[in-house]
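Each remark here refers to the structure printed beneath this line.
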Amino acid sequence: MKIAWVTPFSSRSAIARVSAAATQILSERGHAVTIVRSERDASDPAPTLPTRCAVSWWRELSARELDAQSDAIVLNIGDHYLLHAGVLAYIDAAPCLGIFHDFYLYNFFHQWVALNGLGEAVHRREVRLTYGESALAVADRAWRSEAAVHEIIEALPMTEWLARRCGAALAHSRFYVDRLAKSCPGPISVAPLFFDGRRIASPTRGNGDEVVITTIGILNPNKCCDAIIAAIAASPALKERCRYRLVGMISPSERARLSALCKQVGLSRVDFLGEVDDETLTAELERADILSCLRKPILEGASASAIEGMKSGRPIIVADAGFYSDLPDDLVFKVPSSVEVQALAEVLERLVSSEALRREASAKAKEWATKTFSAEAYATAVESLIAQFIEVKPLLALGERVGRDLAALGISEDDPVIGRLAETMQDLFGVSR
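Residue numbering for the sequence shown is 0 to 432, as defined by numbering that gives the first Met the number 0.
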């Protein structure tokens, strides 16, 4: 197969690292793979990942050119417009397969509107077309930055805004498959995200040592760092033994908020490291005894940090929601999705008090994660979905043409004739969707 793989390809992007591994395996299996960089700005100073595949930038290849030279265009979709702007150059111009790395795509949508000067009218129009009039009240407040994230998730995550424009879709967890299935006209599949991560040495400290709890990644409010701080402070046992290290980019306002909380609750052993290089990050993962992978709310389709944490042989703490609900209960340490301080403190006390529990659970989690989140399994799932997508592309193209003709005749989408036509076309092409 000739595959055009549209993706960020900067070394700082987790999706880029997944893409590099997947395209390497697909190439080794005999497929002709072209990588098309999707970043809005080609002058990203971060180095490009190594690859044997041909690499272009989306501004250099029109949709017509890319479609003509490819059997399938694969779009890697994430919630960051500056990294994924190129997706919109192709999604409407040719049938595409979308890999939905994130469930929540409102930030992508909002950045597209704002950075291109499209204005509130376009924002309202696209929300109305995707979710109807009922979502406009939240949309208007979201435009003015007055809506809470959980409100946006419930009313207009904008997953469907892109899914309905794809010819096939891949999810990384079951919790948002229904949204893709209801909006995308073609085949849908689920594949556990591959993320290899770094080679991390096994834990070496004993029971008498300080226990290090670590959060890695972009440290925004949904990482629940404040809940970890409050939980440690609420427990004398934790306060006596624990050090909390926050590793990753953090805004001045978020750092000030968390620092003020530490002062308020009397917690001094909290370290803000900021953004670090790969060598330092590896050292911090090796220093960690427990990794916090908490999220509230859940925005991503899967968590690279949780996968890397499991593969590193460290116990991870997660909220029982979204992707994290799919993780086996006996391999990770779950707290309710509300991330209440008392429940979190109880889980931390269990882990801190027993090195044996930490080692036993994390060893089993490492074995399971290594098998489940493998590059080979991921590439196989993608390969299978691409084959299905290619099979139904003629039906999708016919459906689009018929849809335009029906719209020109003034026939609405809820007219009974739509269902009868869809069934007839599916029978003609011998496919189930």
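Positions of the beta carbon are idealized from the N, C-alpha and C atoms, including for glycine. All figures in this text were calculated on a predicted structure; none of them were measured in a lab.
Item checked: Validate contact between the segment 342–357 and the segment 154–172 using beta carbons, cut 8 Å, 3 pairs -> no
Check: I think residue 319 touches residue 336, with their Cβ atoms under 8 Å apart; what is that distance to the nearest whole Å?
Finding: Rounded, the Cβ-Cβ distance is 6 Å, consistent with contact.
Next item on the list: Have a look at 278, 261, 277 and flag the residue whose alpha-carbon is nearest the alpha-carbon of residue 271.
Entry: 261
Next item on the list: Verify whether the separation of the beta carbon atoms of residue 219 and residue 253 is less than 8 Å.
Entry: yes
Check: Per DSSP, residue 185 is paired with what?
Finding: DSSP lists no partner for residue 185.
Check: Could you give the distance in angstroms between the alpha-carbon of residue 102 and the alpha-carbon of residue 77?
Finding: 8 Å
Next item on the list: Would you decide whether residue 304 is buried or exposed? Buried here means 16 or more other CB atoms lie within 10 Å of its CB.
Entry: buried
Checklist line | Same chain, Cβ closer than 6 Å to residue 301, five either side skipped, listed in chain order | finding: 171, 172, 192, 322
Check: Going by other Cβ atoms of all chains shown within 10 Å of its Cβ, with 16 needed for buried, is residue 288 buried or exposed?
Finding: Buried, because 16 or more other Cβ atoms sit within 10 Å of the Cβ of residue 288.
Next item on the list: Put residue 70 into one of helix, strand or coil per three-state DSSP.
Entry: Residue 70 falls in the coil class under three-state DSSP.
Check: What residues in its chain sit with their C-beta under 7 Å from that of residue 247, if we drop five residues either side in the sequence?
Finding: 215, 216, 217, 218, 274
Check: By a C-beta neighbour count over all protein chains shown, 10 Å radius and 16 as the cutoff for buried, is residue 369 buried or exposed?
Finding: exposed
Checklist line | Residue from 70, 85, 81 with nearest C-alpha to residue 443 | finding: Examination of residue 443 is not possible in this model, given that the chain is present from 0 through 432 alone.
Check: Since residue 177 sits in a beta bridge, which residues does DSSP pair it with?
Finding: DSSP output for residue 177 lists no bridge partner at all.
Check: Once you ignore the five residues that flank residue 268 on each side, which residues in its own chain have a CB closer than 6 Å to its CB?
Finding: 242
Next item on the list: Would you mind working out which of 29, 10, 70, 202 sits nearest residue 282, comparing C-alpha positions?
Entry: Minimum Cα distance to residue 282 is reached at 202.
Notebook entry, point to check: Given that a residue counts as buried once 16 or more other Cβ atoms are within 10 Å of its Cβ, and exposed if not, what is residue 206?
Noted result: Residue placement at residue 206 is flagged as unreliable, the pLDDT there being 48, under the threshold of 50; the coordinate-derived value follows with that caveat. It is exposed - the Cβ of residue 206 has fewer than 16 other Cβ atoms within 10 Å.
Checklist line | Boundaries (first-last residue) of the beta strand (DSSP E) holding residue 320 | finding: Residue 320 -> no beta strand (DSSP E), and no H or E assigned at all.
Notebook entry, point to check: What's the gap between the Cα of residue 393 and the Cα of residue 95?
Noted result: A direct Cα-to-Cα measurement between residue 393 and residue 95 gives close to 12 Å.
Item checked: Cα-Cα separation between residue 75 and residue 208, rounded to whole angstroms -> C-alpha separation (whole angstroms): 43 Å.
Notebook entry, point to check: Taking C-alpha atoms, which residue in 371, 338, 342 lies nearest to residue 330?
Noted result: Ranking the options by Cα distance to residue 330, first place goes to 371.
Next item on the list: Check whether the Cβ of residue 170 lies closer than 7 Å to any heavy atom of the ligand COA, and answer yes or no.
Entry: The ligand COA is not part of the structure shown, which contains no ligands of any sort.
Item checked: With 16 other Cβ atoms within 10 Å as the buried cut-off, status of residue 1 -> exposed
Item checked: Per DSSP, cross-strand counterpart(s) of residue 271 -> 245
Checklist line | residue 217 - DSSP class collapsed to helix/strand/coil | finding: coil
Checklist line | First and last residue of the uninterrupted alpha helix (DSSP H) at residue 256 | finding: 251–264
Margin query: I'd like the ranges of any alpha helix (DSSP H) spanning at least 4 consecutive residues and lying wholly in the segment 98–148.
Written below: 105–114, 118–130, 135–142
Next item on the list: Sort 89, 212, 198, 114 by Cα distance to residue 314 and report the nearest one.
Entry: 212
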